[in-house]
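Per this note's numbering, the very first residue in the sequence shown carries number 71; after that it's consecutive.
For reference, the structure is listed below as structure tokens.
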Amino acid sequence: MTRAVLAEHVSEARLWSRLSDLAAIGATPKGGVCRLALTPEDGAARVTLAGWAKARGFSVSEDAIGNLYVRREGTDPSLAPVMTGSHLDTQPTGGRFDGVYGVLAGFEVLEALDDAGVQTRRAVEVVGWMNEEGARFQPGCMGSGVFAGAMPLAEMLAVADKQGATVGEAIAALPKIGPTRDFGFPVHAYVEAHIEQGPRLEAAGDTIGIVTGIQGARWFAVEITGSEAHAGTTPRAQRKDALMAALDGIQALRALMTDPDDQVRFTVGRMEVFPGSPNTVPGKVFYTIDFRHPDAATVQRLGDLVVPTLEAAAGPCAISVRETFTGPPVAFDPLVVDQVAAATKALGYAHHALPSGANHDAKFMARRCPTGMIFIPCLGGVSHNEAESATPADCVAGARVLAETLLALAQS
Ligand code: GLV
Ligand code: MN
Ligand code: MN
């Protein structure tokens with residue numbers, strides 16, 4: 071079978087309709103999606119995908135951290151499979167494409183292979199990684215991190231959300247959709263399709279991004295302990311105001327992280343102030359830091375300055391800082407990057423090579439096997455926002471490049 075013949079079987083209408091079906095699960099009034107990891111909505115999305123897979127005769131399995139696998143068998147089941155996928159969970163005010171697009175583009179490839187009557191040598195598997203977003207449970211990329219051996223299973227199962235529910239409890243509450251499988255089976259190659267989540271492809275007028283790697287990231291959880299006191303009577307010298315200490319620390323980090331060429335990404339995305347009363351000086355503050363940079367040495371240097379900078383700014387309060395995620399920059403394997411480039415050129419899409427600013431499960435899979443990614447544009451580069459938008463034409467273009475890439479890898 072020639073490349074173009076398989077690409078013709080990748081259906082824009084079917085992919086778009088499946089994207090719409092899953093966007094309805096956890097749909098928000100503003101047109102986005104809230105489908106936090108391991109919630110009933112996430113469970114419903116998993117059941118829906120598994121139902122489509124079983125109806126097609128693909129096999130479905132799960133593992134102990136809640137990753138979901140859909141497998142189309144190859145002619146030699148003893149060979150390591152080629153894998154694709156992404157995640158079904160979203161941010162609290164998430165969009166209709168982040169994550170789910172990569173899972174459904176992969177599923178579309180399985181259906182196209184079936185429709186075209188193609189038998190691949192290696193099995194092709196689509197995976198829905200558990201908790202990529204890290205919105206409900208930290209860190210993110212938990213499913214791929216455990217799969218790749220970078221995060222201990224028992225530790226991750228014990229991670230609790232804000233209400234105290236653990237990952238393990240939430241997995242046990244999900245509908246069971248397939249047999250349980252071990253981690254760590256060999257994978258020949260991993261390719262993930264995703265919206266770019268940034269403005270570069272759109273600005274260049276290009277359809278496909280050939281992703282060269284992912285920038286480094288470090289996450290921190292900060293807890294500051296002061297002392298509750300009366301807001302109306304307590305003089306400044308007697309206060310141990312945890313919020314003021316937090317603000318001084320964040321301000322100091324902001325100065326440190328503001329670089330002239332705007333490469334550093336520094337975000338405080340969550341803060342909780344206790345006891346949360348207008349007339350009580352805050353006795354405790356909890357907040358998170360998400361810091362990223364493309365250069366490994368800078369990720370190390372600036373990341374290592376977080377603790378001393380915050381300690382110096384804590385004043386009379388006590389501070390504890392825990393690093394919850396460490397992901398150095400990753401360069402993807404030429405085996406996959408070149409294959410993505412070849413497929414893109416063969417299909418005639420306008421393209422350019424670019425690194426990823428966002429984290430992806432591909433970062434952890436790169437530790438296990440040759441890995442690469444395919445980006446498509448999203449409107450205005452907007453993501454982690456209910457307004458996130460991508461066109462049917464771009465969605466199918468990415469799926470066609472994915473199909474040709476997976477086919478070549480599965481026959482090798
Ligand atoms: C994933 O959404 C990330 O980049 O944090
Ligand atoms: Mn994503
Ligand atoms: Mn995301």
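Every residue, glycine too, gets a C-beta built ideally from N, C-alpha and C.
Tell whether a beta-carbon distance below 8 Å holds between residue i and residue j.
{"i": "residue 343", "j": "residue 309", "result": "no"}
{"i": "residue 237", "j": "residue 402", "result": "no"}
{"i": "residue 186", "j": "residue 470", "result": "no"}
{"i": "residue 296", "j": "residue 383", "result": "no"}
{"i": "residue 190", "j": "residue 409", "result": "no"}
{"i": "residue 360", "j": "residue 267", "result": "no"}
{"i": "residue 394", "j": "residue 290", "result": "yes"}
{"i": "residue 127", "j": "residue 154", "result": "no"}
{"i": "residue 174", "j": "residue 92", "result": "yes"}
{"i": "residue 115", "j": "residue 158", "result": "yes"}
{"i": "residue 179", "j": "residue 194", "result": "yes"}
{"i": "residue 475", "j": "residue 413", "result": "yes"}
{"i": "residue 138", "j": "residue 197", "result": "yes"}
{"i": "residue 152", "j": "residue 417", "result": "no"}
{"i": "residue 450", "j": "residue 269", "result": "yes"}
{"i": "residue 108", "j": "residue 322", "result": "no"}
{"i": "residue 192", "j": "residue 144", "result": "yes"}
{"i": "residue 448", "j": "residue 460", "result": "yes"}
{"i": "residue 253", "j": "residue 293", "result": "no"}
{"i": "residue 399", "j": "residue 364", "result": "yes"}
{"i": "residue 517", "j": "residue 477", "result": "With the chain covering only 71 through 482, there is no way to say anything about residue 517."}
Beta-carbon within less than 7 Å of residue i's beta-carbon, same chain only, minus the 5 sequence neighbours each way: which residues are those?
{"i": "residue 100", "result": "456"}
{"i": "residue 248", "result": "120, 130, 131 and 132"}
{"i": "residue 466", "result": "80, 82 and 85"}
{"i": "residue 429", "result": "210, 211, 284, 287 and 397"}
{"i": "residue 72", "result": "Note that residue 72 scores 48 on pLDDT, short of 50, meaning its location in the model is unreliable and no value can be drawn from it."}
{"i": "residue 468", "result": "175, 263, 278, 444 and 446"}
{"i": "residue 452", "result": "458"}
{"i": "residue 339", "result": "358 and 360"}
{"i": "residue 473", "result": "76, 77, 80, 179 and 182"}
Give every residue of the same chain whose Cβ lies closer than 6 Å to the Cβ of residue i, excluding the five residues on either side of it in the sequence, and list them in chain order.
{"i": "residue 86", "result": "462"}
{"i": "residue 354", "result": "295, 312 and 344"}
{"i": "residue 150", "result": "256, 257 and 258"}
{"i": "residue 221", "result": "215"}
{"i": "residue 140", "result": "123, 128, 130 and 196"}
{"i": "residue 90", "result": "none"}
{"i": "residue 419", "result": "277, 278 and 467"}
From the DSSP output, read off the bridge partner residues of residue i.
{"i": "residue 310", "result": "297"}
{"i": "residue 286", "result": "363"}
{"i": "residue 442", "result": "261"}
{"i": "residue 166", "result": "Residue 166 is not bridged to any residue."}
{"i": "residue 392", "result": "291"}
{"i": "residue 419", "result": "Answer is none; residue 419 lacks a bridge partner."}
{"i": "residue 129", "result": "141"}
{"i": "residue 426", "result": "284"}
{"i": "residue 152", "result": "194 and 259"}
{"i": "residue 97", "result": "103"}
{"i": "residue 19", "result": "Past the edges of the chain, shown from 71 to 482, lies residue 19, and the structure says nothing about it."}
{"i": "residue 279", "result": "422 and 445"}
{"i": "residue 454", "result": "Beta-bridge pairing links residue 454 to no other residue."}
{"i": "residue 157", "result": "199"}
Tell me which residues share the same chain as residue i and place their Cβ nearer than 8 Å to its Cβ, disregarding the 5 neighbours each side in the sequence.
{"i": "residue 454", "result": "161, 163, 164, 165, 168 and 267"}
{"i": "residue 95", "result": "103, 105, 111, 114, 115 and 118"}
{"i": "residue 304", "result": "351"}
{"i": "residue 300", "result": "349, 350 and 351"}
{"i": "residue 411", "result": "280, 421 and 423"}
{"i": "residue 147", "result": "193"}
{"i": "residue 98", "result": "104, 163 and 456"}
{"i": "residue 172", "result": "154, 155, 156, 157, 262, 263 and 264"}
| message | If contact is defined by three or more beta carbon pairs under 8 Å, each pair taking one atom from either stretch, is the stretch 76 to 89 in contact with the stretch 132 to 149? | response | no
| query | Looking at C-beta atoms only, is the number of pairs between the stretch 214 to 232 and the stretch 112 to 126 that lie closer than 8 Å three or more? | reply | no
| said: Check whether the stretch 159 to 175 and the stretch 192 to 207 touch, using three or more Cβ-Cβ pairs below 8 Å as the test. | reply: yes
| query | Is there contact between the stretch 270 to 288 and the stretch 320 to 332, where contact requires at least three CB pairs shorter than 8 Å? | reply | no
| query | What runs of the alpha helix (DSSP H), each 4 residues or longer, lie entirely inside the stretch 179 to 251? | reply | 212 to 217, 223 to 227 and 237 to 242
| field | Validate contact between the stretch 259 to 267 and the stretch 432 to 452 using beta carbons, cut 8 Å, 3 pairs | value | yes
| task | Mind the definition here: the stretch 329 to 341 touches the stretch 381 to 395 only if three or more C-beta pairs lie below 8 Å; say whether that holds. | result | no
| query | Quick one: any contact between the stretch 367 to 376 and the stretch 283 to 291, if contact means 3 or more CB pairs under 8 Å? | reply | yes
| field | In chain order, each alpha helix (DSSP H) run of at least 4 residues that lies wholly inside the stretch 321 to 378 | value | 366 to 374
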